[in-house]
Amino acid sequence: MLPFPQPLPLRLTNSVLRLRGCTGVTNHACTAAGFLRQHVSMHSQGAVAGSQSTSQQTSGSRLQDFFAAARRAVLRGTVNESNPETVTQLAKMMGAISLEELGLEEDMVSDPFLGALKLHLRDSRIKYMRIFEDHNLTFGLFCFPAGAAIPLHNHPGMTVFSRLLFGRLRVSAYDWVVQPAAPITSGSARARLVCDAVIEPANPPLVLFPASGGNLHEFTAETPCAVLDLLTPPYVPPERNCTYYRVQRQAMGWPVSLPGARRPVASQKMHVGDEVELEVFVPPDSFEVVSGCYPGDPVS
Numbered sequence: 016m017l018p019f020p021q022p023l024p025l026r027l028t029n030s031v032l033r034l035r036g037c038t039g040v041t042n043h044a045c046t047a048a049g050f051l052r053q054h055v056s057m058h059s060q061g062a063v064a065g066s067q068s069t070s071q072q073t074s075g076s077r078l079q080d081f082f083a084a085a086r087r088a089v090l091r092g093t094v095n096e097s098n099p100e101t102v103t104q105l106a107k108m109m110g111a112i113s114l115e116e117l118g119l120e121e122d123m124v125s126d127p128f129l130g131a132l133k134l135h136l137r138d139s140r141i142k143y144m145r146i147f148e149d150h151n152l153t154f155g156l157f158c159f160p161a162g163a164a165i166p167l168h169n170h171p172g173m174t175v176f177s178r179l180l181f182g183r184l185r186v187s188a189y190d191w192v193v194q195p196a197a198p199i200t201s202g203s204a205r206a207r208l209v210c211d212a213v214i215e216p217a218n219p220p221l222v223l224f225p226a227s228g229g230n231l232h233e234f235t236a237e238t239p240c241a242v243l244d245l246l247t248p249p250y251v252p253p254e255r256n257c258t259y260y261r262v263q264r265q266a267m268g269w270p271v272s273l274p275g276a277r278r279p280v281a282s283q284k285m286h287v288g289d290e291v292e293l294e295v296f297v298p299p300d301s302f303e304v305v306s307g308c309y310p311g312d313p314v315s
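Numbers in the numbering used here are just positions in the sequence shown, counted from 1, shifted up by 15.
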């Protein structure tokens, strides 16, 4: 049995998802199970190489098929709002990927807390499992303990596909009212709420674009959950950084109902289409993401 490498700590900073001491980490699966899958896959591909051309081969893997199609579309420049057919097809393919291919198990859907145990989500930190990354795209799994959250953040110039695999996840997403010429990295600006909902595994993948679809979003886990995430192009500081935001705090009102009695104004629930002022902020030190070893099939 191969040894299981220890997770490497990482931080989601206000610049980019950054692995600490991760120069030796590759895009291949790093568990024993993943290594064996990769080993078998390499031999299987070698067995058919002499009988079929590369263009004629099909992987038989929905994970590999999705990744290959997404990579081709990225290289062709067709993963954007101007090509809705391509985006719709990729979202459909992402939704068809099985949990088994990702190294997860079907019982995690019915019992996400069991899934948290199997993924070793022992504390409040989010775990990120990298599947693949290059200068064109980033592909990986985010695994959330119950109550964990990634604060509201932007995706400058990016298209992002996100699929909830198990659990319940609250998604709050905004778009700028006036699209800025460059990412807003200080001060504040008006944004419009485009989504505030709890999603479940039966929901189709979410897709956001550079200027629409909820380019600024926040994830909060209502139960343990896992999200399959592909974004293109990836964060590359300093040109393409990740900036965090929060709804600008309003001054507290104190209407007087009776002499000498005061009570705070109850906050009103927001609705899709409502506008707010979002201000740049730095997440607290308690916000941390650790790296985990991806347990599923490799992609290439």
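We treat Cβ as the ideally placed atom computed from N, Cα and C, and that holds for glycine.
*asked:* Within a Cβ cutoff of 8 Å, which residues of the same chain sit near Thr-38, ignoring the five residues on either side of it in sequence?
replied: Here residue 38 is taken as the residue at index 23 of the sequence shown, counted from 1. At Thr-38, the pLDDT of 28 sits below 50, so the modelled position is not reliable; the number obtained from the coordinates is stated separately. Hits under 8 Å: none found.
*asked:* Check whether the segment 117-136 and the segment 297-306 are in contact - that is, three or more C-beta pairs closer than 8 Å.
replied: Here the segment 117-136 does not lie against the segment 297-306, with fewer than 3 beta-carbon pairs under 8 Å apart.
*Paired residues, beta bridge with Glu-309 - DSSP*: Along the sequence shown, read from residue 1 onward, the residue named residue 309 stands at position 294. In the sequence as displayed, the identity of residue 309 is Tyr instead of Glu. Tyr-309 has no beta-bridge partner at all, per DSSP.
_To the nearest angstrom, how far is the alpha carbon of Gln-263 from that of Cys-308?_
Mapped onto the sequence shown, residue 263 falls at position 248. Mapped onto the sequence shown, residue 308 falls at position 293. Looking at the backbone, the Cα of Gln-263 and that of Cys-308 are separated by about 37 Å.
*Since Tyr-143 sits in a beta bridge, which residues does DSSP pair it with?*
Looking up residue 143 in the sequence shown gives position 128. Residue pairing by DSSP places Tyr-143 opposite Phe-157 and Ser-306 in a beta bridge.
*Exposed or buried, which one is Ser-97 when buried takes at least 16 other CB atoms within 10 Å?*
As a working mapping, residue 97 is identified with position 82 in the sequence shown. So Ser-97 counts as exposed.
*Would a C-beta distance cut-off of 8 Å place Arg-140 and Glu-303 closer than the cut-off?*
Within the sequence shown, the letter at position 125 stands for residue 140. Within the sequence shown, the letter at position 288 stands for residue 303. For Arg-140 and Glu-303, yes; Cβs fall inside 8 Å.
*First and last residue of the alpha helix (DSSP H) that includes Pro-127?*
Position 112 of the sequence shown, counted from the first residue, corresponds to residue 127. Residues 127-133.
*Looking only at DSSP bridge pairs, what is Ala-206 linked to?*
Translated into the one-based positions of the sequence shown, residue 206 becomes position 191. Ala-206 pairs with Trp-191 and Val-291.
*Using three-state DSSP, classify Val-297 as helix, strand or coil.*
Here residue 297 refers to the residue found at position 282 of the sequence shown. Looking at Val-297 - three-state DSSP - the assignment turns out to be coil, as it is neither helix nor strand.
_With a threshold of 8 Å, are at least 3 pairs of Cβ atoms found where one atom belongs to the segment 239-249 and the other to the segment 197-208?_
Counting Cβ pairs under 8 Å, fewer than three are found: no touch.
*Determine the closest residue to Pro-310 out of Asp-80, Glu-116, Phe-82 and Gly-92, with distance taken between C-alpha atoms.*
Position 295 of the sequence shown, counting from 1, holds the residue named residue 310. For the residues Asp-80, Glu-116, Phe-82 and Gly-92, the minimum Cα distance to Pro-310 belongs to Glu-116.
*For Phe-224, name the three-state secondary structure that DSSP assigns.*
By one-based count along the sequence shown, residue 224 stands at place 209. DSSP, read as helix, strand or coil, puts Phe-224 in coil.
_Assess contact between the segment 142-158 and the segment 212-219, defined as three or more Cβ pairs (one per stretch) separated by less than 8 Å. Is contact present?_
Flag = no, the segment 142-158 and the segment 212-219 do not touch.
_Distance CB(Asp-244)-CB(Ser-76) smaller than 8 Å_ = By one-based count along the sequence shown, residue 244 stands at place 229. By one-based count along the sequence shown, residue 76 stands at place 61. Not a contact, by the Cβ cut-off of 8 Å.
*Taking C-alpha atoms, which residue in Val-314, Glu-294 and Thr-247 lies nearest to Arg-91?*
Along the sequence shown, one-based indexing puts residue 91 at 76. The shortest C-alpha separation from Arg-91 is found at Thr-247.
_DSSP bridge partner residues for Tyr-260 (one or two, in chain order)_ = Walking along the sequence shown from the start, residue 260 turns up at place 245. According to DSSP, Tyr-260 bridges with Val-295.
*Pick from Tyr-260, Ala-204, Leu-179 and Gly-110 that is closest to Glu-233, judged by C-alpha positions*: Position 218 of the sequence shown, counted from the first residue, corresponds to residue 233. For Glu-233, the closest of Tyr-260, Ala-204, Leu-179 and Gly-110 by C-alpha to C-alpha distance is Tyr-260.
*Start and end of the alpha helix (DSSP H) containing Asp-80?*
Here the question's residue 80 lines up with position 65 in the sequence shown. Judged by DSSP secondary structure, Asp-80 falls within the alpha helix (DSSP H) whose first and last residues are 77-91.
_Element boundaries [alpha helix (DSSP H), containing Glu-233]_ = Here residue 233 refers to the residue found at position 218 when the sequence shown is read from its first residue. Note, Glu-233: premise wrong, no alpha helix (DSSP H); beta strand (DSSP E) at 231-236.
*So the beta strand (DSSP E) Pro-166 belongs to, where does it begin and stop?*
Working through the sequence shown from its first residue, we reach residue 166 at position 151. Its beta strand (DSSP E) spans residues 164-168.
*Can you name the residues that DSSP bridges to Ile-214?*
What you label residue 214 is simply residue 199 of the sequence shown in a count that begins at 1. Looking at the DSSP output, Ile-214 sits in a beta bridge with Leu-184.
*Using the Cα positions of Leu-180 and Gly-130, report the straight-line distance between them to the nearest angstrom.*
In the sequence shown, residue 180 corresponds to position 165, counting from 1. In the sequence shown, residue 130 corresponds to position 115, counting from 1. Straight-line Cα distance between these residues: approximately 11 Å.
*How would you write the range of the alpha helix (DSSP H) that Ala-106 sits in, first residue to last?*
Position 91 of the sequence shown, counted from the first residue, corresponds to residue 106. Counting along the chain, the alpha helix (DSSP H) containing Ala-106 begins and ends at 99-110.
*Can you have a look at Val-314 and say buried or exposed, based on whether 16 or more other CB atoms are within 10 angstroms of its CB?*
Along the sequence shown, one-based indexing puts residue 314 at 299. So Val-314 counts as buried.
*Under a Cβ-count criterion, where at least 16 other Cβ atoms within 10 Å of its own Cβ denotes burial, should Thr-103 be classed as buried or exposed?*
For the purposes of this step, residue 103 is taken as the residue at position 88 of the sequence shown. A residue is called buried once 16 or more other Cβ atoms fall within 10 Å of its Cβ, and Thr-103, having fewer, is exposed.
*What's the call for Gly-182, buried or exposed, on a 16-neighbour Cβ count within 10 Å?*
The sequence position of residue 182 within the sequence shown is 167, counting from 1. So Gly-182 ends up on the buried side.
*Which term fits Arg-87, buried or exposed, when burial requires 16 or more other beta carbons within 10 angstroms of its beta carbon?*
In the sequence shown, the residue the question calls residue 87 occupies position 72. By the 10 Å Cβ count, Arg-87 comes out exposed.
*Tell me whether Met-173 is buried or exposed, calling it buried when 16 or more other Cβ atoms sit within 10 Å of its Cβ.*
Counting from 1 along the sequence shown, the entry for residue 173 is found at position 158. It is buried - the Cβ of Met-173 has at least 16 other Cβ atoms within 10 Å.
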